[in-house]
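*Asks:*
Protein chains: 2
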Amino acid sequence: MPPLEAYKRQLPYTYALGLYPALQALEQAPHLVSRVLVHSKLSGEGADALYAACAQHKIRTEQAERLLKKLSGKDNCFAAAVCNKQQHDLDPSGNHLVLVHPMDAGNLGTILRSALGFSFLDITLITPCADAFDPQVIRASMGAIFSLRLSEFDSFEAYQNQAGPRKLYPFMLSDDALPLSKAVQHKKSPHSLIFGNEGSGLPAEYATWGQSIKIEQSDAIDSLNLAVSAAIGMYAFSSL
Amino acid sequence: MPPLEAYKRQLPYTYALGLYPALQALEQAPHLVSRVLVHSKLSGEGADALYAACAQHKIRTEQAERLLKKLSGKDNCFAAAVCNKQQHDLDPSGNHLVLVHPMDAGNLGTILRSALGFSFLDITLITPCADAFDPQVIRASMGAIFSLRLSEFDSFEAYQNQAGPRKLYPFMLSDDALPLSKAVQHKKSPHSLIFGNEGSGLPAEYATWGQSIKIEQSDAIDSLNLAVSAAIGMYAFSSL
Chain A
0 MPPLEAYKRQ
10 LPYTYALGLY
20 PALQALEQAP
30 HLVSRVLVHS
40 KLSGEGADAL
50 YAACAQHKIR
60 TEQAERLLKK
70 LSGKDNCFAA
80 AVCNKQQHDL
90 DPSGNHLVLV
100 HPMDAGNLGT
110 ILRSALGFSF
120 LDITLITPCA
130 DAFDPQVIRA
140 SMGAIFSLRL
150 SEFDSFEAYQ
160 NQAGPRKLYP
170 FMLSDDALPL
180 SKAVQHKKSP
190 HSLIFGNEGS
200 GLPAEYATWG
210 QSIKIEQSDA
220 IDSLNLAVSA
230 AIGMYAFSSL
Chain B
0 MPPLEAYKRQ
10 LPYTYALGLY
20 PALQALEQAP
30 HLVSRVLVHS
40 KLSGEGADAL
50 YAACAQHKIR
60 TEQAERLLKK
70 LSGKDNCFAA
80 AVCNKQQHDL
90 DPSGNHLVLV
100 HPMDAGNLGT
110 ILRSALGFSF
120 LDITLITPCA
130 DAFDPQVIRA
140 SMGAIFSLRL
150 SEFDSFEAYQ
160 NQAGPRKLYP
170 FMLSDDALPL
180 SKAVQHKKSP
190 HSLIFGNEGS
200 GLPAEYATWG
210 QSIKIEQSDA
220 IDSLNLAVSA
230 AIGMYAFSSL
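Going down the list, the sequences are from chains A and B.
Residue numbering for the first sequence follows numbering that gives the first Met the number 0, beginning at 0 and increasing consecutively.
Residue numbering for the second sequence follows numbering that gives the first Met the number 0, beginning at 0 and increasing consecutively.
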């Protein structure tokens, strides 16, 4: 086996860095974990749970203090799960969350956590975008990434070709977008909630591809944070 | 005037660090801006707007390259507004957002941005908590902090003594909490939406002080991110 490298996008594996992220990986997706790195100072209940999970799933643990420090940039990262990356096929009968060019890793992780919370299990990213397998995303997702079906497409058209017939709901702040509280009263399934980039939002043409929706908000702000907008959209579509 | 110091909580002033945060401070709260620091490399439309705003409000600009670098830790921070801190009295007739021991500066800034977006203008923090005037909070708030009425209390009881009679809605994941979508159908005003700490949530006793509410979510996650929860609560209470 070649030596483990510091994380970069091209690698076929990633790291759930830290005791809790590693535990979450072992709990949610043990079939993706190839081995677990541990620090000699790892101890306590969490450590017991980690060793028990590795034993149960026959996953090798190895002491790797220097590597943990190199990977995390910290002295207090006591465990990491080495996880194979996995792309998924879309479920054409399910509701999807589509993120067009999301660029902020922290936002993306938070969105994945919300998506699992509101049972949007199919997540599509339109590239270029932040790397969903970046350890920072995995951490911010609180392990949610291991329970979701992630797919990437290089254009929205390529996504549509695989997504199957569905209602498209692009979220944008244009004047003719329908207020969210109205839109959910007439929602159709299966559907895709579509959100644009943090700074620029969705290009205007998305409004012609579906029913555009705006989250009612005061003119006192330019826009809501992307992770906040996506969570409100998924909450409103899932709670009625 | 004593020399400006690197930011710390005890100072009576803070910094809107960066061209856009500085512009936002000048636009939203020029009466709080005592002076503006600029870098010799500052140029372009934003720079013109900054100088125009300073001229309009008779605010002094001064070149301070080394100080900008020291304050921001970066070489590309080209402007900063020095802003006096201000605490506000509560509006007893308004709806309030109350955050009990929020500890994450990024979360807090994002929450302030959402609060302005949903017209929750009175924000109360129960200490200990993150410093709302930390430059990182100001930045994440996208300037929203300058349009809100911020107050701090060292206990929830102290807050209640000044808040006036109102309906209290603590957000917690207990079994007997009312689902948010139901709760908003019978909402009473004025009200306070109350959220706990990122890790531990609200202590159980808050349930006895008002109508506890839970955001409907799957058991697949432990909880939503605090900034996400607060935004969903404010959205649901403001959009009906």
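Ideal placement from N, C-alpha and C gives every residue a C-beta, glycine not left out.
Small disclaimer: the values here were computed from a predicted structure and weren't measured.
Residues of chain B with CB closer than 8 angstroms to the CB of Q216 of chain A, please, in chain order.
*Replies:* G116 and F117
*Asks:* Name the chain A residues that come within less than 9 angstroms of R148 of chain B, Cβ to Cβ?
*Replies:* Residues of chain A passing the Cβ test: none, with the nearest at roughly 13 angstroms.
*Asks:* Comparing the C-beta of L239 of chain B with each C-beta of chain A, is any distance below 9 angstroms?
*Replies:* With a pLDDT of 47 at L239 of chain B, under the threshold of 50, the predicted position of this residue should be treated as unreliable, though the coordinate-derived value follows. Cβ-Cβ to chain A under 9 angstroms: yes for L239 of chain B.
*Asks:* Tell me the rounded alpha-carbon separation between L223 of chain A and S113 of chain B.
*Replies:* Cα-Cα distance, rounded: 6 angstroms.
*Asks:* Less than 9 angstroms between the beta carbons of I122 of chain A and A131 of chain A, yes or no?
*Replies:* yes
*Asks:* Three-state secondary structure (DSSP) at H190 of chain B?
*Replies:* strand
*Asks:* Are any of the Cβ atoms in chain B nearer than 9 angstroms to that of K68 of chain A?
*Replies:* Not one chain B Cβ lies under 9 angstroms of K68 of chain A.
*Asks:* Beta-carbon of I137 of chain B versus every beta-carbon of chain A: anything under 9 angstroms?
*Replies:* no
*Asks:* Let me know if N75 of chain A comes out buried or exposed under the rule of 16 or more other beta-carbons within 10 Å of its beta-carbon.
*Replies:* exposed
*Asks:* Does the beta-carbon of N23 of chain B have 16 or more other beta-carbons within 10 angstroms, so that it is buried, or is it exposed?
*Replies:* The sequence as given places Gln at residue 23 of chain B; Asn does not occur at that position. The residue in question, Q23 of chain B, is buried, as its Cβ has 16 or more Cβ neighbours within 10 Å.
*Asks:* Do L124 of chain B and E151 of chain B have their CB atoms nearer than 9 angstroms?
*Replies:* yes
*Asks:* Can you give the beta carbon distance from S217 of chain A to G116 of chain B, rounded, assuming they're within the 8 angstroms contact cut?
*Replies:* 6 angstroms
*Asks:* With DSSP collapsed to three states, give me the class of C128 of chain A.
*Replies:* coil
*Asks:* Going by beta carbon distance, what residues of the same chain come within less than 7 angstroms of H87 of chain B, once the five residues before and after it are set aside?
*Replies:* R148, L149 and S150
*Asks:* Within the continuous beta strand (DSSP E) that includes E151 of chain A, where are the two ends?
*Replies:* R148 to F152
*Asks:* Just the Cα atoms here: how many angstroms apart are G142 of chain A and H56 of chain A?
*Replies:* Roughly 18 angstroms between the two C-alpha positions.
*Asks:* Consider the Cβ of V35 of chain A: report whether some Cβ of chain B lies at a distance smaller than 9 angstroms.
*Replies:* no
*Asks:* Name, in chain order, the residues that DSSP records as bridge partners for I122 of chain B.
*Replies:* B:L96 and B:L149
*Asks:* Would a check of beta-carbon distances place Y168 of chain A closer than 9 angstroms to chain B?
*Replies:* So no, Y168 of chain A is outside the interface.
*Asks:* For I231 of chain A, decide whether its Cβ has a neighbour in chain B, counting only Cβ atoms nearer than 9 angstroms.
*Replies:* yes
*Asks:* Let's test the definition: count the other Cβ atoms within 10 Å of the Cβ of S92 of chain A and tell me whether it reaches 16, buried, or not, exposed.
*Replies:* exposed
*Asks:* Rounding to the nearest angstrom, what Cα-Cα distance links A229 of chain B and L167 of chain B in this structure?
*Replies:* Cα to Cα, A229 of chain B sits roughly 15 angstroms from L167 of chain B.
*Asks:* Using only the alpha-carbon positions, how far apart do K181 of chain B and V136 of chain B sit?
*Replies:* Between K181 of chain B and V136 of chain B, the alpha-carbon positions lie close to 33 angstroms from each other.
*Asks:* Determine the DSSP secondary structure at N75 of chain B, reduced to helix, strand or coil.
*Replies:* Here N75 of chain B sits in coil by DSSP.
*Asks:* So V227 of chain B contacts chain A; which residues on that side make the cut at Cβ distance below 7 angstroms?
*Replies:* T109, S113, A226, V227 and A230
*Asks:* Output, in chain order, the set of chain B residues within a Cβ distance shorter than 9 angstroms of I144 of chain A.
*Replies:* Going along chain B, no residue has its Cβ under 9 angstroms from I144 of chain A, so there is no contact; the nearest lies around 12 angstroms.
*Asks:* Tell me, please, which residues DSSP counts as bridged to A80 of chain B.
*Replies:* B:A15 and B:V35
*Asks:* When the Cα atoms are used, what is the spatial distance from D221 of chain B to G45 of chain B?
*Replies:* Our two residues, D221 of chain B and G45 of chain B, have alpha carbons roughly 43 angstroms apart in a direct line.
*Asks:* If you reduce the DSSP assignment to three classes, tell me which class L239 of chain A lands in.
*Replies:* Residue placement at L239 of chain A is flagged as unreliable, the pLDDT there being 47, under the threshold of 50; a coordinate-derived value is accordingly withheld.
*Asks:* If you measure from the beta carbon of M141 of chain A to each beta carbon in chain B, is any gap under 9 angstroms?
*Replies:* M141 of chain A counts as touching chain B.
*Asks:* On a CA-only basis, which of B:Q9, B:S42 and B:I193 is nearest E204 of chain B? Give me that one, please.
*Replies:* B:I193
*Asks:* Spell out whether any CB of chain B is found under 9 angstroms from the CB atom of L223 of chain A.
*Replies:* yes
*Asks:* Using a C-beta to C-beta distance shorter than 8 angstroms, which residues of chain B count as neighbours of A182 of chain A?
*Replies:* Result: empty, since nearest Cβ-Cβ is about 11 angstroms, beyond 8 angstroms.
*Asks:* Using a Cβ-Cβ distance cut-off of 9 angstroms, determine whether I193 of chain B contacts chain A.
*Replies:* no
*Asks:* For chain A, is any of its Cβ atoms less than 9 angstroms away from the one on A131 of chain B?
*Replies:* no
*Asks:* Interface residues of chain B around Y205 of chain A at Cβ under 9 angstroms?
*Replies:* Against chain B, a Cβ distance below 9 angstroms from Y205 of chain A picks out nothing, because the smallest value is about 22 angstroms.
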